[in-house]
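Peer 1:
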Ligand code: F1P
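In UniProt numbering, the protein residues as written are 267 to 612.
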C-alpha cells in the first residue's frame, strides 16, 4: 500500500497525482456510469470501489464478473467509463470484457500490477498498482494495492465533481496516508491469529460476514480460505444471514465477522448475538478498544481505528494471515494451491 501511495499522494499539500488519468480526466469526470469488471479477488476490490465511487463522487457504478459480462449483450456505450482490474494483467475473461466494451465505444481504464502485461496494453489508460511481484497464486497485497488506487480515483473524482468539499477531501487524503502504519500495527496480531488458526484448522466449513464496506472483505476472507486451505467457506452480507445461511449455524460452524466500529456496528453486534444464540463460534475482527463484541465473541482480533471507507485495507490483513496459518498447519502449499493458476489465460 505504501508503494502504491508513494509519490501519488501528499495530504499536506492536497496533492493527488494519478498520471494514468491525466489524458482521460474529462471522460472520467463526465462519465454517466462507471462499470467495473474483473475476476476473483480483483472483483472484490471492484465491489469496495463501488461503495467508494458512489459515496464520494455520486456516480452510478456497476460491478460485474468479466466472465459474465463478456458472454452477454450488455448495454454499454460512449458515456461509460470502464475500469478493468487485474493483478496479472493476463486474465482472459477480463481481456475479453475489455475488447467488448471497447467495441461499443466505452473508455477503458486498467488497474493492473504487472507492468507491460496484456491488459494495460489493451486499455486506453491506466494505473499500475506497484504492489511488487505476487509470489503466490492467491492475490493478497495486490488486493490492498488495487483498493488504494481505486480509493484515490474516487477521492479525485469526488473533488473534481464537487461532491467532496476541499476540507473533506484533504481529511480523507490524510486518512488514506495513515493506512500503511495501521496495516503494520494490524500485523502485530500475528501470534493471536496463529492461536486462532490452531483452534479452527480442522473445520470443514466457515462463514464470513460483514456489512457495508466490510461486505467485500467477508467475500475476500472466504475466498482466501478456500483458495489456500481447501476449506469450504462462504462470504455474505451480514444482513443476508437471516435469508438462508442462518440455517447452517450450529456449534460446529465458525463465523468470522468483520465488526469494526462504523455506521453498521450496532447491527453487526446484533448479527453476532444471533449466531451466539445458535451456539455458533464467533471470531471477530474489531476496532481496538472494542468492548461490546469482545464480551460475546469467542475470539477477537483488534485492528486500529480507521475511517470506514478505508477499513477494508486494514481489516482484510488478519483474514489473509488466518488463511495462511490454517493452510500451513494443514500442510497445504500456500504459494501454489492445487488447481489454481497465477494467470487464468483460458
Ligand atoms: C484473478 C484471479 C485471482 C486469484 C487467482 C486466479 O486474477 O481470480 O484473484 O487469486 O490467482 O485469478 P487477476 O485478473 O487479478 O490476475
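C-beta: ideal position from N, C-alpha, C; glycine also.
Quick one, what's near ligand 1 if you take every residue whose CB is closer than 7 Å to any heavy atom, in chain order?
Peer 2: 304, 305, 306, 307, 308, 351, 352, 353, 354, 355, 356, 357, 360, 403, 404, 405, 408, 493, 606, 607, 608, 609 and 610
Peer 1: Excluding the 5 residues flanking residue 371 on each side, which residues of the same chain have their C-beta closer than 6 Å to its C-beta?
Peer 2: If you number the chain shown from 1, residue 371 lands on position 105. Excluding sequence neighbours, residue 371 sits near 343 and 344.
Peer 1: How many Å lie between residue 531 and residue 525 at the Cα?
Peer 2: Counted from its first residue, the chain shown places residue 531 at position 265. Counted from its first residue, the chain shown places residue 525 at position 259. Residue 531 and residue 525: Cα-Cα distance of roughly 6 Å.
Peer 1: Can we say the segment 495-506 touches the segment 587-594, given the rule of at least three CB pairs closer than 8 Å?
Peer 2: yes
Peer 1: For residue 462 and residue 565, which I take to be in contact (beta-carbon distance under 8 Å), what is that distance rounded to the nearest angstrom?
Peer 2: By one-based count along the chain shown, residue 462 stands at place 196. By one-based count along the chain shown, residue 565 stands at place 299. For a cut-off of 8 Å, the C-beta gap from residue 462 to residue 565 is around 5 Å, short enough to register as a contact.
Peer 1: Report the three-state DSSP secondary structure of residue 475 (helix, strand or coil).
Peer 2: Position 209 of the chain shown, counted from the start, is the residue given in the question as residue 475. In the structure shown, residue 475 sits in a strand (DSSP, three-state: E or B).
Peer 1: Could you have a look at residue 346 and say whether DSSP puts it in helix, strand or coil?
Peer 2: As a position in the chain shown, residue 346 is number 80, starting the count at 1. Three-state DSSP puts residue 346 in a strand.
Peer 1: Give every residue of the same chain whose Cβ lies closer than 8 Å to the Cβ of residue 287, excluding the five residues on either side of it in the sequence, and list them in chain order.
Peer 2: Position 21 of the chain shown, counted from the first residue, corresponds to residue 287. 294, 375, 391, 393, 419 and 422, listed in sequence order.
Peer 1: Tell me whether residue 305 sits in a helix, a strand or coil according to DSSP, three-state version.
Peer 2: By one-based count along the chain shown, residue 305 stands at place 39. In the structure shown, residue 305 sits in coil (DSSP, three-state: anything other than H, G, I, E or B).
Peer 1: What's the gap between the Cα of residue 542 and the Cα of residue 439?
Peer 2: Here residue 542 refers to the residue found at position 276 when the chain shown is read from its first residue. Here residue 439 refers to the residue found at position 173 when the chain shown is read from its first residue. Distance between the alpha carbons of residue 542 and residue 439 is about 38 Å.
Peer 1: Using CA coordinates, which residue listed in 548, 280 and 611 is at the minimum distance from residue 425?
Peer 2: Against the chain shown, residue 425 aligns to sequence position 159. Measuring from the Cα of residue 425, the nearest candidate turns out to be 280.
Peer 1: Tell me, to the nearest whole angstrom, how far the beta carbon of residue 606 is from that of residue 403; I am working on the premise that it is less than 8 Å.
Peer 2: Counting from one through the chain shown, the residue named residue 606 turns up at place 340. Counting from one through the chain shown, the residue named residue 403 turns up at place 137. Yes, residue 606 and residue 403 are in contact; Cβ-Cβ is about 5 Å, under 8 Å.
Peer 1: Please report the straight-line C-alpha distance between residue 366 and residue 340, rounded to a whole angstrom.
Peer 2: On the chain shown, position 100 is the one that residue 366 refers to. On the chain shown, position 74 is the one that residue 340 refers to. In this structure, the alpha-carbon of residue 366 lies about 9 Å from that of residue 340.
Peer 1: Tell whether a beta-carbon distance below 7 Å holds between residue 433 and residue 267.
Peer 2: To locate residue 433, count along the chain shown from 1; it is residue 167. To locate residue 267, count along the chain shown from 1; it is residue 1. It is not a contact, given that the beta carbons lie outside the stated cut-off.
Peer 1: Of the choices 502, 481 and 412, whose alpha-carbon is the least far from that of residue 311?
Peer 2: Here residue 311 corresponds to residue number 45 of the chain shown, with the count starting at 1. The candidate whose alpha carbon is nearest that of residue 311 is 412.
Peer 1: Hey, out of 538, 528, 560 and 544, whose CA is closest to residue 236's CA?
Peer 2: Because the chain is modelled from 267 through 612, residue 236 falls outside the range shown and cannot be assessed.
Peer 1: So the beta strand (DSSP E) residue 331 belongs to, where does it begin and stop?
Peer 2: The sequence position of residue 331 within the chain shown is 65, counting from 1. That run of the beta strand (DSSP E) goes 327-331.
Peer 1: With 16 as the cutoff for other CB atoms within 10 Å, does residue 448 come out buried or exposed?
Peer 2: Your numbering for residue 448 matches position 182 in the chain shown. Residue 448 is buried by the Cβ-count criterion.
Peer 1: Is residue 288 helix, strand or coil when you go by DSSP?
Peer 2: Counting from 1 along the chain shown, the entry for residue 288 is found at position 22. Three-state DSSP puts residue 288 in a helix.
Peer 1: Taking the runs of the alpha helix (DSSP H) that are 4 residues or longer, which of them lie wholly in the UniProt domain "SIS" (462-603)?
Peer 2: 481-495, 531-543, 558-562 and 577-595
Peer 1: What does the alpha-carbon distance come out to for the pair residue 406 and residue 586?
Peer 2: On the chain shown, residue 406 is found 140 positions in, with the first residue counted as 1. On the chain shown, residue 586 is found 320 positions in, with the first residue counted as 1. Using only the alpha carbons, I get a separation of about 7 Å.
Peer 1: Relative to the C-alpha of residue 291, which residue among 557, 305, 427 and 301 is closest?
Peer 2: Along the chain shown, one-based indexing puts residue 291 at 25. Checking every option, the nearest Cα to that of residue 291 belongs to 427.
Peer 1: Using a Cβ-Cβ cut-off of 7 Å (strictly less than) and excluding sequence neighbours within five positions of residue 589, which residues of its own chain qualify?
Peer 2: The sequence position of residue 589 within the chain shown is 323, counting from 1. Answer for residue 589: 490, 491, 494 and 495, listed in chain order.
Peer 1: Applying the 10 Å Cβ sphere with the 16-neighbour rule, what's the burial state of residue 359?
Peer 2: The residue you call residue 359 lines up with position 93 of the chain shown. The residue is buried, with at least 16 neighbouring Cβ atoms inside 10 Å.
Peer 1: Is residue 582 near residue 486, with beta carbons less than 7 Å apart?
Peer 2: By one-based count along the chain shown, residue 582 stands at place 316. By one-based count along the chain shown, residue 486 stands at place 220. Yes.
Peer 1: Evaluate residue 333 with the Cβ neighbour count: other Cβ atoms within 10 Å of its Cβ, from every protein chain shown; 16 or more gives buried, anything less gives exposed.
Peer 2: Within the chain shown, numbered from 1, the residue matching residue 333 stands at position 67. Label assigned to residue 333: buried.
Peer 1: What are the partner residues of residue 409, as DSSP defines its beta bridges?
Peer 2: Counting from one through the chain shown, the residue named residue 409 turns up at place 143. The partner list for residue 409 (beta bridge, DSSP) is empty, contrary to what the question assumes.
Peer 1: What is the DSSP secondary structure of residue 416, counted as helix, strand or coil?
Peer 2: Along the chain shown, one-based indexing puts residue 416 at 150. Here residue 416 sits in helix by DSSP.
Peer 1: For residue 301, collect the residues of the same chain with a Cβ closer than 6 Å to its Cβ; drop the 5 residues on either side in sequence, then sort them by chain order.
Peer 2: Position 35 of the chain shown, counted from the first residue, corresponds to residue 301. The answer, listed in chain order, is 328, 346 and 348.
Peer 1: Measuring alpha carbon to alpha carbon, tell me which residue in 275, 608, 380 and 554 is nearest residue 435.
Peer 2: By 1-based counting over the chain shown, the position of residue 435 is 169. Cα-wise, what sits closest to residue 435 is 275.
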